[in-house]
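For reference, the structure discussed in these notes is given below.
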Ligand SMILES: [Zn+2]
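Residue numbers (UniProt numbering): 1 to 175.
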């Protein structure tokens with residue numbers, strides 16, 4: 001068990017791998033999330049207002065945002081880009097991707113701050129090959145912040161911008 005990730009350079013690609021720590025080097029703040037159908041969670045194109053499948057049965061199927069966050073992390077012997085999908089990204093961000101998109105609409109300058117806030121954060125990450133098999137980045141299966149007193153990004157941004165949790169926000173939506 002102790003040899004996970006240590007026996008060969010490809011071990012990380014074959015098994016779930018939990019390095020002793022991952023330190024955040026950078027966050028790709030160009031895109032945090034994407035839009036899916038709120039019923040079947042099929043990925044929607046930027047132009048589609050409704051899911052082509054569900055809208056046949058349901059008039060306003062609607063959509064929601066889910067996270068796809070690319071994070072560059074350093075561990076013992078390498079730096080790599082890993083991808084955090086919705087459940088994992090919520091641990092770091094502290095809110096749903098819909099709430100984040102609203103916040104970003106009201107506070108566009110928050111986009112760059114995410115990188116600054118997470119940089120250097122020490123995390124325990126379990127990494128695995130994407131289920132689809134052809135993904136270029138390892139997927140983060142689970143994340144645990146290691147620093148005592150860790151606060152998710154949204155909590156720190158709300159304090160920074162003087163926004164109460166749940167306060168109404170304005171602005172366009174788009175992540
Ligand atoms: Zn659908």
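Ideal placement from N, C-alpha and C gives every residue a C-beta, glycine not left out.
All values derive from a computational prediction rather than experimental measurement.
Nearest candidate by alpha-carbon position, reference residue 33, set 113, 157, 99: The shortest C-alpha to C-alpha distance from residue 33 to any of 113, 157, 99 is the one to 99.
Cβ neighbours of residue 194 in the same chain (closer than 8 Å, five flanking residues each side left out): Nothing about residue 194 can be reported from this structure: the residues present for the chain run from 1 to 175 only.
Rounded straight-line distance, which links the Cα of residue 37 to that of residue 43: So the alpha carbons of these two residues sit roughly 7 Å apart.
Presumed contact (8 Å Cβ cut-off) between residue 152 and residue 94, rounded CB distance: The pair is a contact, with the Cβ atoms about 2 Å apart (cut-off 8 Å).
Residues near residue 20 in its chain [Cβ-Cβ closer than 7 Å; skip 5 each side]: Only 76 meet the Cβ criterion.
beta-carbon residue 135 near ligand 1 non-hydrogen atom, thresh 7 Å: No; taking the cut-off as 7 Å, the Cβ of residue 135 has no heavy atom of ligand 1 nearer than that.
Beta-carbon proximity of residue 147 to residue 122, cut-off 8 Å: For residue 147 and residue 122, yes; Cβs fall inside 8 Å.
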